[in-house]
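**Student:**
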Amino acid sequence: MSLTILGLSGALTHDPSAALYLDGRLVAAAEEERFVRDKHAKNRMPYEAAKFCLEFAGIRPGDVDIVAIPFAPIGITEKARWHYAKRYWYAPDRGLDAILLGNRRFHRYKKRIEWCLAQLGFDLRKVRIEPVEHHLAHASSAYHCSGFTEKTAIMGIDGKGEYATTFFGWGENGRIHKIKEFYDPDSLGGLYGAITEYLGFEMLDGEYKVMGMAPYGDPSRYDFSRLAKFEHGELVINTDYANVIGLRRYKEQGKGYYFSPKLIDWLGPMRHGDIADDPYIHYAASMQKLFEDLALQMMDHYLGDILRETGRLAFAGGGALNVKLNQKIIARPEVKELFVQPASGDSGTAVGAASYVSVQRGVAVEKMEHVYLGPRYTNEDVIAACARHPARPQWQVLEDGDVAVPQRIARILADGHPVAWFQGRMEFGPRALGGRSILGCPSAPGVADRINEQIKFRERWRPFCPSMLDTVGPQMLQTDHPAPFMTFTFEVAEEWKTRVPEVVHEDGTSRAQVLRREFNPRYYDLMKELETLTGNGVVLNTSLNRRGEPMICSPTDALNMFFGSDLQYLVMEDVLVVKEG
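In my numbering, the protein residues as written are -1 to 579.
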């Protein structure tokens, strides 16, 4: 049976994306932000992303059997809407809205999706739009893409979908079974987001900055337990302080936040600026500890029996990008293997909705082993972009690129220079994994600071991550747990802390990508060359973008970024661009 499914996310007004399954094979997926050059592409629909997916696969709108969307209507008899109204009693207009007009957001989103499909050339009389509950889409993106064949525990921790914020269930023989959901405002992800705002970052963007700040602080200095508790199988957030709406919000310069003035009375003024200082580093550490403790308690309570039975866990939702929590999960004796959906946030729900519908229709989906699912460009495309660019780039084609590019770039890296690396298909999800990366030699002193100050223009305390050969992973990380997507941190072996200090964080860990050659041969070969030159088959890898911008998509984007920074070397496919001076 032939089945073509297009998944389109964007229900929650941020991170719209598109994913295309052909007969259970994920052939293309991309985030809208990369094409429109607007981080998180707020209040947009995934028009460019969907257009790319269809064009890449060479199919027309009429060839699509189903459009799957990760947002669904929630019935008035279901607990979710009543829970919302009851817990937000202090904002009666919102509570009444949830009870009387509880699916308004769904209908608005569906209309916007229909508009987007019409723009793409779909015939709305013929297209079948299939809604999937938001947390089921997250669950599917983890379980169905994990490749696990045994009974699998499934966990979803997010801000919120329609109303649900947290999901516990299991998967078996392709079917997902729900055990328990929590509903807004009882959201661990939402609480982390509220404290992220208090610490001076943007919600849905700065949570990983809080995670990066946490190791500099001491979680025992401040007790955050008053903010949330998990008792008798229920998660309850203290809405005196956080996950607040309406008049209970703290306001500053006309902007309302997801925490209350009571939080300010307790902890002091919001943090502003780029410095990670006292007491805010300790607040970050306390929030991270509370998040880990509660997530692990909930996991034990609802999934402990399944994990002891089979040891397999699939995890998605924005909370699954918390790599420190993931490190703690992997350390549990009952967990044999953890699969985290690489695009765990809402962009991944396009994959989740489409995979869920595919399996429902009897077509199993393949294991997700790589994220190189976006556009690719030829040498001719690159040269044309160079010819058009106003900076008049100096470029040369490296003949026999498969050999010359790894050799030449490894030499530049070993000499201590960062390099912008643009190869093959763009990655799907938030991590640069050797498609659109800035690379450095992790044994070159000061290279991380140099990239931070001169190229990324970002906070000094943010960590850099390593990509490494699969032969190096077990030695450096002291485990053979798969780590293809930078979704986990691992304790670095003592010897390697001194060998590659530029990619070891303050707490002695690294958020690592362990690469198998079949998924990105040129990137793998570059690390092999670097191993020959330096003794270490490891490269410092950060995303190819500047602060506040989405990751680079096209050669023109790369050139704009290159000439807006102090980078001297940019390699796109076989074309090396060098800045003079």
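Heads up, the beta-carbon is just placed ideally off N, CA and C, and yes, glycines get one too.
Just so we're clear, the structure is a prediction, and the values are computed from it rather than from any experiment.
Return the first residue and the last residue of the beta strand (DSSP E) that residue 539 is part of.
**Tutor:** 536 to 541 is the span of the beta strand (DSSP E), which, as asked, contains residue 539.
**Student:** Under a three-way DSSP split, which group does residue 467 fall into?
**Tutor:** Strand.
**Student:** Where does residue 248 fall in DSSP's three states?
**Tutor:** Of the three classes helix, strand and coil, the one that applies to residue 248 here is coil, per DSSP.
**Student:** Measure the alpha-carbon distance for residue 135 versus residue 362 and round it to whole angstroms.
**Tutor:** Answer to the nearest angstrom: the Cα atoms are 15 Å apart.
**Student:** For residue 573, report the span of its beta strand (DSSP E) as first-last.
**Tutor:** Per DSSP, residue 573 belongs to the beta strand (DSSP E) from 573 to 576.
**Student:** Report the rounded CA-to-CA distance for residue 301 versus residue 38, giving the unit in angstroms.
**Tutor:** Approximately 32 Å, taken between the alpha carbons.
**Student:** With respect to the alpha helix (DSSP H) encompassing residue 530, which residues constitute its N-terminal and C-terminal limits?
**Tutor:** 519 to 532 is the span of the alpha helix (DSSP H), which, as asked, contains residue 530.
**Student:** Okay, do the segment 62 to 76 and the segment 160 to 178 touch, 3+ Cβ pairs below 8 Å being the bar?
**Tutor:** Contact holds: three or more Cβ-Cβ distances are below 8 Å.
**Student:** Could you tell me the boundaries of the beta strand (DSSP E) in which residue 174 lies?
**Tutor:** 173 to 181 is the extent of the beta strand (DSSP E) around residue 174.
**Student:** Should residue 342 go down as buried or exposed, given a rule of 16 or more other Cβ atoms within 10 Å for buried?
**Tutor:** With 16 or more other Cβ atoms within 10 Å, it is buried.
**Student:** Let me make sure I understand the geometry here. Which of 399, 569, 281, 242 has the alpha-carbon closest to that of residue 216?
**Tutor:** Of the candidates 399, 569, 281, 242, the one whose C-alpha sits nearest the C-alpha of residue 216 is 281.
**Student:** Can you tell me whether residue 65 is helix, strand or coil according to DSSP?
**Tutor:** Three-state result, residue 65: strand.
**Student:** Tell me whether the beta-carbon of residue 352 lies closer than 9 Å to the beta-carbon of residue 4.
**Tutor:** Yes, these two residues count as a Cβ contact at 9 Å.
**Student:** Check whether the Cβ atoms of residue 212 and residue 322 sit closer than 9 Å, and answer yes or no.
**Tutor:** It is a contact, given that the beta carbons lie within the stated cut-off.
**Student:** Contact criterion: CB-CB distance below 9 Å. Does residue 101 meet it with respect to chain D?
**Tutor:** Annotation note: the requested chain D is absent from the structure, which comprises a single protein chain.
**Student:** Can you name the residues that DSSP bridges to residue 254?
**Tutor:** Residue 254 is bridged to 249.
**Student:** Less than 9 Å between the beta carbons of residue 65 and residue 97, yes or no?
**Tutor:** No, they are not a contact pair.
**Student:** Leaving out five residues before and five after residue 21 in sequence, what residues of the same chain have Cβ atoms less than 7 Å from its Cβ?
**Tutor:** Closer than 7 Å at the Cβ level, and outside the excluded window around residue 21, lie 0, 1, 361.
**Student:** So what does DSSP say about residue 88, is it helix, strand or coil?
**Tutor:** Three-state result, residue 88: coil.
**Student:** Report back the beta-carbon spacing between residue 500 and residue 462 to the nearest angstrom; my notes put them in contact at under 8 Å.
**Tutor:** Confirmed, Cβ separation roughly 6 Å.
**Student:** Going by Cα to Cα distance, which pick from 378, 167, 574, 181 is closest to residue 80?
**Tutor:** That would be 181, whose Cα lies nearest to the Cα of residue 80.
**Student:** Alpha carbon to alpha carbon, what distance is there between residue 541 and residue 438?
**Tutor:** Between residue 438 and residue 541, the C-alpha separation is close to 12 Å.
**Student:** If distances are taken between C-alpha atoms only, which option among 575, 7, 528 comes closest to residue 18?
**Tutor:** Closest by alpha carbon: 7.
**Student:** Residue 370 by DSSP, collapsed to three states: which one?
**Tutor:** Three-state result, residue 370: strand.
**Student:** Suppose the cutoff is 6 Å on Cβ atoms and the five residues either side in sequence are ignored; what does the same chain contact list for residue 62 look like?
**Tutor:** Excluding sequence neighbours, residue 62 sits near 2, 4.
**Student:** Mind reading off the beta-carbon distance from residue 557 to residue 383? Whole number of angstroms is fine, and I expect it under 8 Å.
**Tutor:** Confirmed, Cβ separation roughly 6 Å.
**Student:** Indicate whether residue 128 and residue 355 have their beta-carbon atoms separated by less than 9 Å.
**Tutor:** For residue 128 and residue 355, yes; Cβs fall inside 9 Å.
**Student:** Report the rounded CA-to-CA distance for residue 545 versus residue 552, giving the unit in angstroms.
**Tutor:** Cα-Cα distance, rounded: 18 Å.
**Student:** Any contact between the segment 166 to 179 and the segment 143 to 151? By contact I mean 3 or more CB pairs, one from each, below 8 Å.
**Tutor:** Contact holds: three or more Cβ-Cβ distances are below 8 Å.
**Student:** Can you tell me which of the three DSSP states residue 194 falls into?
**Tutor:** Correct three-state label for residue 194: helix.
**Student:** Drop a sphere of 10 angstroms on the beta-carbon of residue 393, count the other beta-carbons inside from all chains shown, and report buried for 16 or more, exposed for fewer.
**Tutor:** Buried, because 16 or more other Cβ atoms sit within 10 Å of the Cβ of residue 393.
**Student:** Please determine if the segment 442 to 454 and the segment 509 to 516 are in contact, where contact requires at least 3 C-beta pairs separated by less than 8 Å.
**Tutor:** No: the two stretches stay apart, fewer than three of their Cβ pairs being nearer than 8 Å.
**Student:** Quick one: Cα of residue 486 to Cα of residue 325, how far?
**Tutor:** About 6 Å.
**Student:** Out of 386, 116, 408, which has the shortest C-alpha to C-alpha gap to residue 378?
**Tutor:** Cα-wise, what sits closest to residue 378 is 386.
**Student:** Counting pairs of Cβ atoms below 8 Å between the segment 308 to 321 and the segment 248 to 262, do you hit three or more?
**Tutor:** No, the segment 308 to 321 is not in contact with the segment 248 to 262.
**Student:** Check whether the Cβ atoms of residue 375 and residue 433 lie closer than 9 Å to each other.
**Tutor:** Not in contact: residue 375 and residue 433 (Cβ atoms no closer than 9 Å).
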